[in-house]
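Novice: As they're listed, the protein sequences go chains P and D.
Note that this note's numbering gives residue 768 to position 760 of the first sequence, counting from 1, and the numbers run on in steps of one.
Note that this note's numbering gives residue 1111 to position 27 of the second sequence, counting from 1, and the numbers run on in steps of one.
Built from N, CA and C at the ideal position, the CB exists for glycine as well.
These numbers were taken from a predicted model, which means no experiment stands behind them.
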Amino acid sequence: MRRVGSIVVFIMLFANHLQSQENVVLKGAYDSLTFVQFADSLYSFEQIRIYYTPEWVREVVVLQPTGVDKLDQVLKNSLDPFQISWYGDSGGRIYITGSTRIKTELPERFFMEGSGNERALVEIEKSLQEIEKEEPPAIIPNGKHLVTIGNPARRIETELVVLSGIITEAETGEPVIGAVVYVEDLQEGGITDAAGYFVLSMSTGRHRITFQSMGKKAQSIDVVVNESGSMDIELAEEITELRGVVVVADRGKNVSGVQMGVNKVNIEMIKQIPAMMGESDILKTALLLPGVQTVGEGASGFNVRGGSTDQNLILLDRAPVFNSAHFFGFFSAFNPDVVKDFKLYKSGIPAEYGGRISSVFDINTKSGNTKKIAGSGGISPVTAKLMLEGPIVKDKGSFVVAARGTYSDWLMHQFPSTELQNSEASFYDINMKVTQQINPKNALSLSAYASQDKFKLSSDTAYRYNNFNGSLSWKHHFSDRFIGDASIIASDYTYEISSAGNPVNAYTNQYQILYLEGRIDFVFFPNNDHIIKFGTSSVSYKLQPGSLMPLGEESLVEPVLLEREKAHELSIYLSEEYTLNSRVSFYGGLRYSLYRYLGPKTMFEYAPGPVELYNLVDTVTYGTGSIQNYQGPELRFSARYKIDNVTSLKLSYNRLRQNLHMLSNSTAISPTDTWKLSDPHIRPQVGDQIALGFYRDFRHNTIETSMEVYYKYINDIIEYQSGANLLLNPHIETDLINGIGQAYGAEFLIRKAGGRFNGWMSYTYSRTFIKVDGEVQEETINNGEYFPANYDKPHDFTMVTNYKFSRRFSFSGTLTYSTGRPITYPVAKYQFRNATLAHYSFRNEYRVPDYFRVDVSVNLEGNLRSKKLAHSFWSLSVYNLTGRNNVYSIYFITEGGELKGYKMSIFDRPIPTLTYTFKF
Amino acid sequence: MRKSGFYMIRALVLMTLILPGSCIESFDPDIEKYENILVVDGLITDKREEYTIRLSRTLRFDESRSIMESGALVEVVDDLGHLYTFTESSDGIYTSDSSSFVGVPGRSYMLMIQTTDGINYHSTSDLLKAAPPIDSVFYRYKEETLADNEKLQGIEIRLNSNDPQNETRYYRWEWIETWEYSVPYTKLGYESREFCWASALSNQIVIASTMQLSKDVVNDKLIYFVDNRSNRLLKTYSTLIRQYALTQTTHSFWKEIELLNEHTGSLFDPPPASVTGNVSNDNDPNEPVLGFFQVSGVSEERFFFKHEELPSLFRAPTEYEFCSTIDVVGPGESYIQKGWIVLLRYMDLDIEHTILVNYAACYDCTARGSNKRPDYWID
């Protein structure tokens, strides 16, 4: 029923333009349709005819947010981004006029580009100025297209002025972080910071400024700038949150940003990806990114570019999280309902971050809705959760509270197996965030997180661990170009192992790490070519490395209390991002940290040679004050060279130091792993990484490609002697050995962001080797030669796809392939005391079979009526669709005196899950 | 926390399916590498008995024979300089003369080996610590349901021990089980072979440390579980528990072996590594030598258990389920040719009948044990 065969051009000045269309209310929902489908549907369901030229609307996708049912608004949303005009006549017909604007009248505060009608423009400017004067800064909702800043009388031509403002979400009032603000005619721009704040300098006069952010409808605003001023913008969601959209990095930033080796993922994408047992999981999502690996299914922790699991700085609203796993790593500790987004820095780590050498995993939780009370909840086979948010003071302050818990104990006890009957496993987590805008210059935010895991595995031993994190931050705008932020951060991690089965041996064993940080960060924008950041941080660490206490009166367990460990770390940093010209920009940063291991404490001294008990020569008691200092500069550098508008090359180098080490002799993180501070015997780990990348965007930045290569060298990696005892060991240094690590790799990524079909494909080739060559046999692994790390998986291929069939129905799929992880086989067996035992020598010489898994999910949104109690959402996901028996591990044990080999897999069949979510 | 962790995860997964399934399969790897290493298995106690030092070599993973280290010179020297020479009683098995050599608590002993190719090995000199007597050995009946719904029944053998001097601290236990059994059929002339006694040596690692306790008390220690997958508990069952007092280094060696064997490849396990003992090459300390020369005081306690103590619901195989008889008319020649054995011939209404049994073991218990009643046996 295509009605148009030739180009139709109508020019009808001052006709009764949209009058007739304005009140047309659409009965159906047409979001995400192509324009041709839309036109067909309109004719079929609404008896509205659209006349158009197919060439003009080829790239148009209909945008109809929930709640929008006016034809006028839908056309505007859909066609404006392409600068396509339309005209509606009184007969209910719509004519698409291409780039030719048809002016019928000038609606209030509405200006059509390219009219040449300067008089009309001036009039609107005047009226706007009056509004500005009364109530600066102007809040510009979506859809308003001309703004005047300042008094034209005070305008000085050619002078540079500053335009600043805050970008917020139209729906919730939350700041939009990392939004791109781009002055089109000047070809310059910036991005918003964590408070949604942006600052640009420009010449006076008229500019077109584009504001865009992932998941938000981009908007272009014509601004007449007369003098410095501010302008706040509200960006509407591009597509409703429930249906989600995948945008991994800010559009265009792939090529134009100086930062490399960073992946930003927002919650919409996380929720879209098929989830194991119905729990959307940010750590599992991160594993789909190139350069991020794990040793196996259900392993907590992840490895970034050959780094070990303790080398990732996991920050939840700035507070470090020491145990990021629930259920041994099958779920991550972060409730997806409160996560806004996360950023993962793999290289070129900015100078404001420090303390771990491989990556920074920076998680932001969402701020509450400042407009109205809202919430969401859901139920999956293992967990139930609820989230509530709302304003404290409308438009000024907000809160979010969320809780998540399991009912797995109850489920496990439904099974007859004695082992399960005697087992327990449960977890919960609670998140809270309060934000308050005190005045335009000052804002406060408070974020808190608490979690607990408990389990007992068919034995008398019960495990429990708790995270408690909190941060309070105060943001102050000294001026439009100078912003400061002061924070107090606390993290407390404790675990307890208790055994009550045998009253004589009953005990509790506790561990605690307390982290307190105060930091001040400043950002200074002298002009558009420089961003200067500097700040300082002071961290106090207090560790209780272990205490053993009798449990009950009959217990004969003798109390053991390892001495507390204390340390203080003071860091300062300065960085500058400098745009030399449109092609070249640099980032240079320097961080300097002074680490002091503090008394009072008793230290063991060893004779020169291996740190072994037989070399222990003295015990020295230190008073308060420093026992050992470690300090050093950490250089961070990145550079970008733009070959053309869509192609760039980037180079980065960074060094990081780490003074807090996880002691974990297991292949993956286990719940009883402890953290240890650098001390006179354990040196800080130092990592250097150099990376080079090539980036190119296609099709208006909707397809991004990148290729990055890296080489990493890590000094003083911690390894363990055979039979190392990491629990309650007062001279733990004798069980630890130092090694060096080397990693290199290449990562290829192609990504399509936005649209009905989106997703990415990545291939990574990477190798990681460790070398431990001590002075004596027990301090040497593999004869002092390099051996592959437990997580060395050379080939890794990932594909993530999302396809939206209709407004309510979408499909997602992920495919993962990787080389099997290295494993140690016995090289011989022998008879000893009536049993056959295995002898192992070279570590990680063999591999488990390759890993392959496909997950899919279909998501169905409830009906589309805009006025209803709650939006509901069903998701059916199938984990391991092909049912492949991926080998998790191969092991050898002596059973009944015989040595037997076994292979074990966790998921040998597809695992379907149905999840229900609601939002109100 | 190891294997059970895996089961629990499985259970969580299976909740969505409510289907049982096993994800652990036996696996035969193709391992080309092989390291030929000397293995020492020696034990000296303070009990007057023949001590043995077993010398062998490591085997390839898929090999089933043993390679013994024969023809070596094996000696033990104490800290007073007394030298005791061991003689090779069979290939690779070197035994002491119990009349001339008994270990003495408080003395230290060192093993010295010279192999036929002239390489000298020695152990560290280890102190023989006296073992306190075992206070009591007792049992606890246990029944559990496995993940596949199978019921496992049996008795846990447990013990109490203590050292009032608080000096023992590190313990290891071995045991010799003996149980009575009978065959399902009798044959004329084989009456004495109806009841027999079978024995088995322990092959599990059971150790304990009381270092963390204020008193040297071993309380309610589970030694092992006798389950209903064998005929052990169908008549009287007995076990001799040997309690060894260990030095700290000996205990660490066993602890490492125990940890290695607890590996189920779970990601919470440390990577498997070589566990070398207290024996080394005199000239090349880096040459690995497997096994251990253990010097320990020993105390023993015998424990009896009667079938009648079990609940009536207890079920266990007789291990003679494969036996069957057939009653044929005539001499049963065709069966005899197939290997059946005549159990009994009889006449019924003047017709000759023959009862045949499929295996000789079904009437002769000595095929699997000894019909000599142990002198310590009680009825």
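Can you tell me whether P/S209 sits near the ligand GDP, meaning its C-beta is under 7 Å from at least one heavy atom of the ligand?
Specialist: No copy of the ligand GDP appears in this structure; indeed no ligand is present at all.
Novice: Using a Cβ cut-off of 7 Å, which residues of the stretch 825-842 of chain P contact any Cβ in chain D, in chain order?
Specialist: Going along the stretch 825-842 of chain P in chain order, one finds T832, Y833, P834, V835, A836, K837, Y838, Q839, F840, R841 and N842 with a Cβ nearer than 7 Å to chain D.
Novice: When you compare the CB positions of P/F339 and P/D417, do they come within less than 8 Å of one another, or not?
Specialist: Here the question's residue 339 of chain P lines up with position 331 in the first sequence. Here the question's residue 417 of chain P lines up with position 409 in the first sequence. No, Cβ-Cβ distance for P/F339 and P/D417 is not below 8 Å.
Novice: At a Cβ threshold of 8 Å, is P/S425 touching chain D?
Specialist: Here the question's residue 425 of chain P lines up with position 417 in the first sequence. So yes, P/S425 belongs to the interface.
Novice: Cα-Cα, which of P/L243, P/F463, P/Q280 and P/V895 is closest to D/S1110?
Specialist: Taking the second sequence and counting its residues from 1, the one referred to as residue 1110 of chain D is at position 26. Here the closest residue by C-alpha is P/V895.
Novice: Let me see if you follow: with CB-CB separation under 8 Å, is P/T902 close to chain D or not?
Specialist: The residue given as residue 902 of chain P occupies position 894 in the first sequence. Output row for P/T902: interface = yes.
Novice: Helix, strand or coil: how does DSSP classify P/M222 here?
Specialist: Working through the first sequence from its first residue, we reach residue 222 of chain P at position 214. Here P/M222 sits in coil by DSSP.
Novice: What in chain P is Cβ-close to D/S1358, meaning under 8 Å?
Specialist: To locate residue 1358 of chain D, count along the second sequence from 1; it is residue 274. Under the 8 Å cutoff, chain P gives S730, H847, Y848 and S849.
Novice: With a CB to CB cut of under 6 Å and the five nearest residues on each side skipped, what residues in its chain are close to P/K190?
Specialist: Within the first sequence, numbered from 1, the residue matching residue 190 of chain P stands at position 182. Here the sequence assigns Tyr to residue 190 of chain P, which means Lys is not the residue at that position. Closer than 6 Å at Cβ, skipping near neighbours: G197 and T218.
Novice: Given a cut-off of 8 Å on the beta-carbon distance, is the pair P/P558 and P/A514 in contact?
Specialist: Indexing the first sequence from 1 puts residue 558 of chain P at position 550. Indexing the first sequence from 1 puts residue 514 of chain P at position 506. Contact: yes.
Novice: Along the chain, where does the beta strand (DSSP E) that runs through P/H708 open and close?
Specialist: The residue given as residue 708 of chain P occupies position 700 in the first sequence. Here P/H708 belongs to no beta strand (DSSP E), and DSSP marks it neither H nor E.
Novice: If you reduce the DSSP assignment to three classes, tell me which class P/N589 lands in.
Specialist: Here residue 589 of chain P refers to the residue found at position 581 of the first sequence. Coil, per DSSP.
Novice: Hey, could you find the ends of the alpha helix (DSSP H) P/H739 is sitting in?
Specialist: Counted from its first residue, the first sequence places residue 739 of chain P at position 731. Element bounds for P/H739: n/a, residue is neither H nor E.
Novice: Around the Cβ of D/N1367, are there at least 16 other Cβ atoms within 10 angstroms (buried) or fewer (exposed)?
Specialist: As a position in the second sequence, residue 1367 of chain D is number 283, starting the count at 1. Classification of D/N1367: exposed, given that the 10 Å Cβ count is below 16.
Novice: Among P/E562, P/E716 and P/V188, which has the Cα closest to the Cα of P/K224?
Specialist: Here residue 224 of chain P refers to the residue found at position 216 when the first sequence is read from its first residue. Nearest C-alpha to P/K224: P/V188.
Novice: Contact criterion: CB-CB distance below 8 Å. Does P/Q785 meet it with respect to chain D?
Specialist: In the first sequence, the residue the question calls residue 785 of chain P occupies position 777. For P/Q785, the answer is yes, since a Cβ of chain D falls inside 8 Å of its Cβ.
Novice: Counting only runs of 4+ residues fully inside the stretch 491-548 of chain P, write out the alpha helix (DSSP H) ranges in chain order.
Specialist: Segments of the alpha helix (DSSP H) lying fully in the stretch 491-548 of chain P: there are none.
Novice: So, helix, strand or coil for P/S14, using DSSP?
Specialist: Sequence index remark: in the first sequence, residue 14 of chain P carries index 6 (1-based). The predicted model places P/S14 with a pLDDT of 31, which falls under 50 and marks its position as unreliable; any figure quoted below should be read in that light. Three-state DSSP puts P/S14 in coil, outside helix and strand.
Novice: Over the uninterrupted alpha helix (DSSP H) stretch that includes P/A47, give me the two end residues.
Specialist: Mapped onto the first sequence, residue 47 of chain P falls at position 39. Looking at the DSSP string, the run of the alpha helix (DSSP H) that includes P/A47 is F43 to S49.
Novice: How would you label D/T1171, buried or exposed, when you count the other beta carbons within 10 angstroms and need 16 or more for buried?
Specialist: What you label residue 1171 of chain D is simply residue 87 of the second sequence in a count that begins at 1. Exposed, since its Cβ has fewer than 16 Cβ neighbours within 10 Å.
Novice: Straight-line CA distance for D/K1319 to D/D1463?
Specialist: The residue labelled residue 1319 of chain D in the question sits at position 235 within the second sequence. The residue labelled residue 1463 of chain D in the question sits at position 379 within the second sequence. Rounded to the nearest angstrom, the two C-alpha atoms are 10 Å apart.
Novice: How about P/Y910: is its C-beta nearer than 8 Å to some C-beta of chain D?
Specialist: As a working mapping, residue 910 of chain P is identified with position 902 in the first sequence. Closer than 8 Å to some Cβ of chain D, the Cβ of P/Y910 qualifies, so yes.
Novice: Using alpha carbons as the reference points, say which of P/Y719, P/E561, P/N766 and P/K609 lies closest to D/S1298.
Specialist: To locate residue 1298 of chain D, count along the second sequence from 1; it is residue 214. With distances taken between Cα atoms, D/S1298 lies closest to P/E561.
Novice: What are the start and end residues of the beta strand (DSSP E) that includes P/M420?
Specialist: By one-based count along the first sequence, residue 420 of chain P stands at place 412. Looking at the DSSP string, P/M420 is not in any beta strand (DSSP E); the run it does join, the alpha helix (DSSP H), is S416 to M420.
Novice: In three-state DSSP terms, what is P/T844?
Specialist: Locating residue 844 of chain P in the first sequence gives position 836, counting from the first residue. Residue state, collapsed to three classes: strand.
Novice: Would you say P/E566 lies against chain D (beta-carbon separation less than 8 Å)?
Specialist: The count along the first sequence starts at 1 and reaches residue 566 of chain P at position 558. True, the Cβ-Cβ gap to chain D drops below 8 Å.
Novice: Output the distance between the C-alpha atoms of D/D1247 and D/D1300, rounded to the nearest integer angstrom.
Specialist: For the purposes of this step, residue 1247 of chain D is identified with residue 163 of the second sequence, where counting begins at 1. For the purposes of this step, residue 1300 of chain D is identified with residue 216 of the second sequence, where counting begins at 1. Spanning the two alpha carbons is a distance of roughly 5 Å.
Novice: Find the nearest neighbour of P/E543 within the set P/Y205, P/Y361 and P/S228, judged by alpha-carbon distance.
Specialist: Locating residue 543 of chain P in the first sequence gives position 535, counting from the first residue. It should be noted that the sequence gives Gly, not Glu, for residue 543 of chain P. For the residues P/Y205, P/Y361 and P/S228, the minimum Cα distance to P/G543 belongs to P/Y361.
Novice: Compare the beta carbon distance of D/E1342 and D/I1307 with 8 Å and say whether it is the shorter of the two.
Specialist: For the purposes of this step, residue 1342 of chain D is taken as residue 258 along the second sequence, with counting starting at 1. For the purposes of this step, residue 1307 of chain D is taken as residue 223 along the second sequence, with counting starting at 1. Cβ distance not < 8 Å, so D/E1342 and D/I1307 don't count as in contact.
Novice: Looking at the C-beta of D/P1355, does it have a partner C-beta in chain P at a distance below 8 Å?
Specialist: Locating residue 1355 of chain D in the second sequence gives position 271, counting from the first residue. D/P1355 counts as touching chain P.
Novice: Just reading off the beta strand (DSSP E) that P/D858 is part of, what are its end residues?
Specialist: For this step, residue 858 of chain P is matched to residue 850 along the first sequence. Note, P/D858: premise wrong, no beta strand (DSSP E); not H, not E.
Novice: Indicate whether P/A932 and P/Y436 have their beta-carbon atoms separated by less than 8 Å.
Specialist: Any answer about residue 932 of chain P is impossible in this case: the structure gives chain P only from 9 up to 928.
Novice: Along the chain, which unbroken stretches of the alpha helix (DSSP H) at least 4 residues long are found entirely within the stretch 416-461 of chain P?
Specialist: Whole alpha helix (DSSP H) segments, 4+ residues: 416-420 and 426-429.
Novice: Give me whichever residues DSSP pairs with D/I1341 in a beta bridge.
Specialist: The count along the second sequence starts at 1 and reaches residue 1341 of chain D at position 257. In DSSP, D/I1341 forms no bridge with anything.
Novice: Run through chain P and tell me which residues come within less than 8 Å of D/F1222, C-beta to C-beta.
Specialist: Locating residue 1222 of chain D in the second sequence gives position 138, counting from the first residue. Per Cβ cutoff of 8 Å: no residues; D/F1222 is ~14 Å from chain P at best.
Novice: Just to confirm the assignment, what range does the beta strand (DSSP E) spanning D/Y1419 have?
Specialist: Mapped onto the second sequence, residue 1419 of chain D falls at position 335. Where D/Y1419 is concerned, there is no enclosing beta strand (DSSP E), although the alpha helix (DSSP H) it sits in stretches over E1417 to Q1421.
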